[in-house]
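As given, the protein sequences belong to chains A and B, one line each in that order. According to this note's numbering, the first sequence is numbered sequentially starting from 1. According to this note's numbering, the second sequence is numbered sequentially starting from 242. Using N, Cα and C, we set each Cβ at its ideal position, and we do this for glycine too.
Number of protein chains: 2
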Amino acid sequence: MSNPTAAMIVIGDEILSGRTQDTNSNHLAQQLTLLGIDLKEIRVVSDDERQIIHAVNALRMKYTNVFTSGGIGPTHDDITADCIAKALGVSIDVRADARAALAENYKNPEIELTEVRLRMARIPDGATLIDNPISKAPGFSIENVHVMAGVPAIFRAMLAGLLPNLVSGTIIQSKTVNVKLKEGDIAKKLGVIANENPDVAIGSYPYYDDGVFGCNLVVRSADAVMLENVTALIRKAFTSD
Amino acid sequence: MSNPTAAMIVIGDEILSGRTQDTNSNHLAQQLTLLGIDLKEIRVVSDDERQIIHAVNALRMKYTNVFTSGGIGPTHDDITADCIAKALGVSIDVRADARAALAENYKNPEIELTEVRLRMARIPDGATLIDNPISKAPGFSIENVHVMAGVPAIFRAMLAGLLPNLVSGTIIQSKTVNVKLKEGDIAKKLGVIANENPDVAIGSYPYYDDGVFGCNLVVRSADAVMLENVTALIRKAFTSD
Numbered sequence: 001m002s003n004p005t006a007a008m009i010v011i012g013d014e015i016l017s018g019r020t021q022d023t024n025s026n027h028l029a030q031q032l033t034l035l036g037i038d039l040k041e042i043r044v045v046s047d048d049e050r051q052i053i054h055a056v057n058a059l060r061m062k063y064t065n066v067f068t069s070g071g072i073g074p075t076h077d078d079i080t081a082d083c084i085a086k087a088l089g090v091s092i093d094v095r096a097d098a099r100a101a102l103a104e105n106y107k108n109p110e111i112e113l114t115e116v117r118l119r120m121a122r123i124p125d126g127a128t129l130i131d132n133p134i135s136k137a138p139g140f141s142i143e144n145v146h147v148m149a150g151v152p153a154i155f156r157a158m159l160a161g162l163l164p165n166l167v168s169g170t171i172i173q174s175k176t177v178n179v180k181l182k183e184g185d186i187a188k189k190l191g192v193i194a195n196e197n198p199d200v201a202i203g204s205y206p207y208y209d210d211g212v213f214g215c216n217l218v219v220r221s222a223d224a225v226m227l228e229n230v231t232a233l234i235r236k237a238f239t240s241d
Numbered sequence: 242m243s244n245p246t247a248a249m250i251v252i253g254d255e256i257l258s259g260r261t262q263d264t265n266s267n268h269l270a271q272q273l274t275l276l277g278i279d280l281k282e283i284r285v286v287s288d289d290e291r292q293i294i295h296a297v298n299a300l301r302m303k304y305t306n307v308f309t310s311g312g313i314g315p316t317h318d319d320i321t322a323d324c325i326a327k328a329l330g331v332s333i334d335v336r337a338d339a340r341a342a343l344a345e346n347y348k349n350p351e352i353e354l355t356e357v358r359l360r361m362a363r364i365p366d367g368a369t370l371i372d373n374p375i376s377k378a379p380g381f382s383i384e385n386v387h388v389m390a391g392v393p394a395i396f397r398a399m400l401a402g403l404l405p406n407l408v409s410g411t412i413i414q415s416k417t418v419n420v421k422l423k424e425g426d427i428a429k430k431l432g433v434i435a436n437e438n439p440d441v442a443i444g445s446y447p448y449y450d451d452g453v454f455g456c457n458l459v460v461r462s463a464d465a466v467m468l469e470n471v472t473a474l475i476r477k478a479f480t481s482d
C-alpha cells in the first residue's frame with residue numbers, strides 16, 4: 001500500500017515579497033518524513049481570497065492531507081479561516097470552544113476578549129480545533145485540511161499536537177554519501193546503479209562551495225537491507241572511504 | 242498600468258523531504274521586488290515529469306514570467322529541460338551554442354565532453370541561453386519560462402544575468418514599524434487605518450520571540466508621500482517613538 005500524501009500551502013505576502021524566509025514548510029517536510037507521509041507539493045500564495053481558495057480546492061482533492069500556515073490572527077489581513085470556509089462551502093462563526101480556549105489568555109476575558117480578538121475564535125462549521133499552547137488562539141482541521149498559524153514557534157507547537165492524530169505510512173529511510181567530484185564525473189556510472197536498482201530512489205544534489213564542486217548522493221528506501229547495499233555500492237564507486 | 246507578474250517553480254525532492262531548505266525563491270522574491278515585478282506564487286514540486294509539466298503549464302499561462310530552479314544537471318534525476326520541452330510542445334537536442342559554452346569548462350573538451358555531460362547542452366528548440374559564469378552549463382529562457390540551476394550560487398549568478406532583460410514595473414516601496422504589542426491590541430485601530438487608506442497595503446506580521454509577542458507592520462506603496470504619511474500614522478498610533 002502506498003503512503004499517505006500531503007501538500008502544504010504557505011499563505012502570506014511577506015514570503016512573496018522576500019521580506020521573510022519561509023521555514024514552516026521545511027519543518028513540516030522533516031516531520032512528515034519521520035512519519036512516512038509523503039509531502040508532494042508546497043505552494044506559497046498571497047493573502048488573496050481567490051488564490052487561497054483555488055489552492056485549497058486544488059490540493060485537498062489530490063492529497064491525503066493539506067496543511068496551511070499563516071493568516072489566522074486578528075488583523076484585517078488575516079483571511080485564511082474565512083477562505084477555508086468558502087472553499088469547503090460551510091458557514092463560519094465564533095464558536096464556544098474556540099472562545100473558551102482564547103479566553104485562557106486573559107485575566108478579564110469579558111473585557112479583554114474584544115470583537116477583533118474574537119475574530120480568532122471564528123471556526124468553520126464542522127472543524128476540530130488544533131491546540132495552541134503558546135498564544136491560545138486555536139488552529140483547526142476540517143476534512144483533510146489542517147489550518148495553523150504562521151509564526152514559526154506557534155506553527156511547530158500546533159503541528160506537534162496534530163501529527164499524532166494522522167495516519168502514518170512506511171518510513172522511507174535515507175543515507176547520504178558525500179562525493180567530492182563534479183556530477184559529470186559520476187553521472188554515467190550513477191545512472192547504471194540507479195537503473196539496476198529501481199526500488200531504491202537515488203538523488204544527486206550538487207553543491208558549489210568556496211570554489212569547490214561536489215555532490216551529495218541521497219539513497220532512499222523503506223527496505224533497510226537494500227538501502228545499505230546500494231549505499232555501499234555508491235560509496236565504493238565514488239569515494240575512497 | 243499594473244506591474245508584470247511572476248511565479249517560481251522549485252523542482253526537487255530534496256526540498257520536499259526536508260533535507261534542504263530552499264533559499265532560491267527568497268532570493269528571487271527580493272530581486273523581483275527591487276524591479277517592480279510582482280511575485281504571485283511559488284510552487285515546490287518533486288522530480289516528477291507529470292508534476293513539473295502541470296506546474297509549468299498552469300503558471301506560464303497565468304503570469305508574465307515563470308522562473309524554475311533545479312534539475313538541469315547531468316545525472317539521471319535531472320529531467321527539467323526535457324519536461325519544459327514537453328510542456329511547450331517543442332523538440333529538444335544538444336545545441337551547438339550550449340555545447341560551446343559547456344566546452345569552456347574543459348581543457349580537452351573532445352575527451353571530457355562525455356555523453357552524460359552533453360546532457361547539459363540539451364536545449365529546447367527556440368530557447369535563448371542564460372549564461373552560467375560559474376560552471377558554464379547554461380540555463381535557458383523559452384517564451385516566458387526561465388530555467389535555472391538549483392545550486393544557490395549558480396542560480397543567483399544566472400538570475401543576475403537574466404534580470405536586466407526583463408520588463409520591470411513600478412517599484413513598490415515599503416516601511417516597517419515594529420510594535421511591541423500583541424496583534425489583538427492593535428487590530429481594531431489598524432483596521433480603521435487600512436480601511437481609510439485603501440491605496441496603501443498594510444500587512445501585520447506577528448512574531449513570538451523568547452516569550453515576547455510583537456508584530457511588524459509593513460506599509461507598501463508605489464507613492465512615497467502616501468507611504469510616509471501612513472507610516473507616520475501607524476507609528477503615532479502604536480509606538481512611543
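Contact list for residue i against chain B, beta-carbon separation under 8 angstroms
{"i": "A:V116", "result": "G425, A428, K429, G432"}
{"i": "A:I134", "result": "Y449"}
Alpha-carbon spacing of residue i relative to residue j, whole angstroms
{"i": "B:P393", "j": "B:H268", "result": "9 angstroms"}
{"i": "A:T239", "j": "B:V357", "result": "20 angstroms"}
{"i": "B:L273", "j": "A:L233", "result": "44 angstroms"}
{"i": "A:D125", "j": "A:D93", "result": "8 angstroms"}
{"i": "A:A55", "j": "A:I9", "result": "7 angstroms"}
{"i": "A:A103", "j": "B:K281", "result": "36 angstroms"}
{"i": "B:R397", "j": "A:M148", "result": "32 angstroms"}
{"i": "A:I154", "j": "B:G277", "result": "32 angstroms"}
{"i": "A:G73", "j": "A:M120", "result": "6 angstroms"}
{"i": "B:N406", "j": "B:T246", "result": "15 angstroms"}
{"i": "A:E228", "j": "A:F213", "result": "26 angstroms"}
{"i": "B:R291", "j": "A:V66", "result": "20 angstroms"}
{"i": "B:I412", "j": "B:V441", "result": "13 angstroms"}
{"i": "B:R461", "j": "B:V418", "result": "12 angstroms"}
First through last residue of the beta strand (DSSP E) which encompasses residue i
{"i": "A:A187", "result": "Per DSSP, A:A187 belongs to no beta strand (DSSP E); it is in the alpha helix (DSSP H), 183 to 196."}
{"i": "A:M148", "result": "145 to 148"}
{"i": "A:K175", "result": "173 to 179"}
{"i": "B:D450", "result": "442 to 450"}
{"i": "A:M8", "result": "5 to 11"}
{"i": "B:T369", "result": "369 to 371"}
{"i": "A:L166", "result": "No beta strand (DSSP E) holds A:L166; DSSP gives it neither H nor E."}
{"i": "A:I92", "result": "92 to 94"}
{"i": "A:S141", "result": "139 to 142"}
Buried or exposed (CB count within 10 angstroms, at least 16 for buried), residue i
{"i": "A:V145", "result": "buried"}
{"i": "B:V420", "result": "buried"}
{"i": "B:S243", "result": "exposed"}
{"i": "A:N274", "result": "The shown model of chain A, from 1 to 241, leaves out residue 274 of chain A, and the question about it has no answer."}
{"i": "B:S332", "result": "exposed"}
{"i": "B:T321", "result": "buried"}
{"i": "A:T68", "result": "buried"}
Residue i, enclosing alpha helix (DSSP H) - first and last residue
{"i": "A:V66", "result": "Counting along the chain, A:V66 falls outside any alpha helix (DSSP H), though it belongs to the beta strand (DSSP E) covering 65 to 69."}
{"i": "A:K86", "result": "80 to 88"}
{"i": "B:I352", "result": "350 to 353"}
{"i": "B:S481", "result": "First-last for B:S481: undefined, no H or E at that position."}
{"i": "B:N265", "result": "265 to 276"}
{"i": "B:N298", "result": "290 to 301"}
{"i": "B:E356", "result": "356 to 359"}
Any chain A beta carbon closer than 7 angstroms to residue i
{"i": "B:D254", "result": "yes"}
{"i": "B:T309", "result": "no"}
{"i": "B:S462", "result": "no"}
{"i": "B:N267", "result": "yes"}
{"i": "B:T274", "result": "yes"}
{"i": "B:R435", "result": "Correcting the residue type first, residue 435 of chain B is Ala in the shown sequence and not Arg. B:A435 counts as touching chain A."}
Cutoff 7 angstroms: residue i Cβ touching any chain B Cβ
{"i": "A:T75", "result": "yes"}
{"i": "A:Y106", "result": "no"}
{"i": "A:L16", "result": "yes"}
{"i": "A:T64", "result": "no"}
{"i": "A:V151", "result": "yes"}
{"i": "A:A58", "result": "no"}
{"i": "A:A157", "result": "no"}
{"i": "A:A6", "result": "no"}
{"i": "A:A87", "result": "no"}
{"i": "A:A29", "result": "yes"}
9 angstroms Cβ cut-off: residues of chain A touching residue i
{"i": "B:V286", "result": "K40, E41, I42"}
{"i": "B:F479", "result": "Under the 9 angstroms cutoff, chain A gives no residues; its nearest Cβ is about 12 angstroms from B:F479."}
{"i": "B:T264", "result": "Q21"}
{"i": "B:V459", "result": "D13, E14, S17, R19"}
Chain-ordered neighbours of residue i on chain B, where CB pairs are closer than 9 angstroms
{"i": "A:G203", "result": "G253, D254, E255, S258, R260, D288, T316, D318"}
Beta carbon proximity, residue i to chain D, threshold 7 angstroms
{"i": "B:Q414", "result": "Absence of chain D from the displayed structure is noted, the protein chains being A and B."}
Cross-chain neighbours of residue i in chain B, by beta carbon under 7 angstroms
{"i": "A:I154", "result": "Y449"}
Beta-carbon neighbours of residue i, restricted to chain A and to distances below 7 angstroms
{"i": "B:F381", "result": "What B:F381 touches in chain A: nothing, since even the nearest Cβ is about 18 angstroms away."}
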